[in-house]
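Residue numbers (our numbering): 85 to 337.
Think of the CB as a built atom: it goes at the ideal place given N, C-alpha and C, for glycine as much as any other residue.
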Ligand code: ADE
């Protein structure tokens with residue numbers, strides 16, 4: 085799978101290729117990320133890639149022509165390698181919110197061209213001509229599309245076969261079954277809280293059921309925790325799971 089990223093700030097992507105799960109994915113070639121610094125496609129001495137909006141108003145608009153040259157270079161490279169054209173995704177708060185089910189679909193595909201716009205905008209003629217999908221991270225405004233692009237690459241990368249050490253771990257993620265995840269505990273079984281450090285909840289022991297070795301009881305406890313947490317924090321997800329027939333009779337009790 086391959087991502088071609090059009091960006092004004094290629095430096096922001098470097099740490100991702102050096103650490104963690106994403107580094108492993110890049111090294112194994114499971115995910116190939118190619119950066120396309122847009123300024124290299126400017127045509128004047130100032131390397132100008134944006135300008136003031138027609139009709140007035142604040143901010144700057146990304147110019148069509150550097151974007152066109154960059155897109156042309158990406159398509160030419162795809163043709164030279166004999167790979168199919170990948171869809172173009174633009175990050176924008178006006179896009180459709182990104183969901184785990186969309187991430188799962190993208191994770192099965194050939195990748196995408198990720199266009200990192202600056203918030204004020206991109207000349208609409210480029211969007212109309214090239215953009216297949218607009219994606220938002222949520223109802224807040226970032227200064228550009230680079231963090232959303234990194235987010236999408238991370239979410240898709242960790243689903244690639246062999247990237248996570250434990251293949252079952254993403255089947256337990258929040259959202260993988262439409263509910264939020266349950267709490268997790270590890271050693272020590274009984275915690276000695278340090279003296280004098282104020283804490284909100286000084287429960288020392290791990291919930292007993294997790295120490296019981298009784299797999300069915302543990303599974304039931306985890307499911308109940310998932311339902312309770314989802315109900316408290318994101319009740320609309322419960323309604324959605326119910327509407328999609330993903331709640332069992334036992335869940336409903
Ligand atoms: N660019 C600026 N804000 C954004 C958001 N919330 N989601 C995606 N891209 C953005």
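- In the same chain as residue 181, and ignoring 5 residues on each side of it, the C-beta atoms closer than 6 Å to its own belong to 220, in chain order.
- Listed in chain order, the alpha helix (DSSP H) runs fully inside the region 269-320 are 299-317, counting runs of at least 4 residues.
- Rounded to the nearest whole angstrom, the CA to CA distance from residue 102 to residue 303 is 37 Å.
- In this structure the region 169-184 does not touch the region 130-139; the number of beta carbon pairs closer than 8 Å is below three.
- Cβ contact annotation for residue 330 (same chain, cutoff 8 Å, sequence separation greater than five): 261, 262, in chain order.
- Residue 142 has its Cβ no nearer than 6 Å to any heavy atom of the ligand ADE.
- At least 7 Å separates the beta-carbon of residue 183 from that of residue 264.
- Residues 196, 197, 198, 199, 215, 216, 217, 218, 219, 236 of the same chain have their beta carbon placed closer than 8 Å to that of residue 173, with the five preceding and five following residues left out of the count.
- CA-to-CA, the gap between residue 154 and residue 321 works out to about 40 Å.
- In the three-state DSSP reduction, residue 131 falls in the coil class, being neither helix nor strand.
- Under the three-state reduction of DSSP output, residue 87 falls in the strand class.
- Taking 6 Å as the cut-off, one finds no heavy atom of the ligand ADE near enough to the beta carbon of residue 205.
- Contact check between the region 106-120 and the region 242-253: three or more CB pairs, one atom from each, fall below 8 Å, which counts as touching.
- Judged by DSSP in its simplified three-state form, residue 182 adopts coil rather than helix or strand.
- Sorting 229, 187, 190, 189 by C-alpha distance to the C-alpha of residue 206 places 229 at the top.
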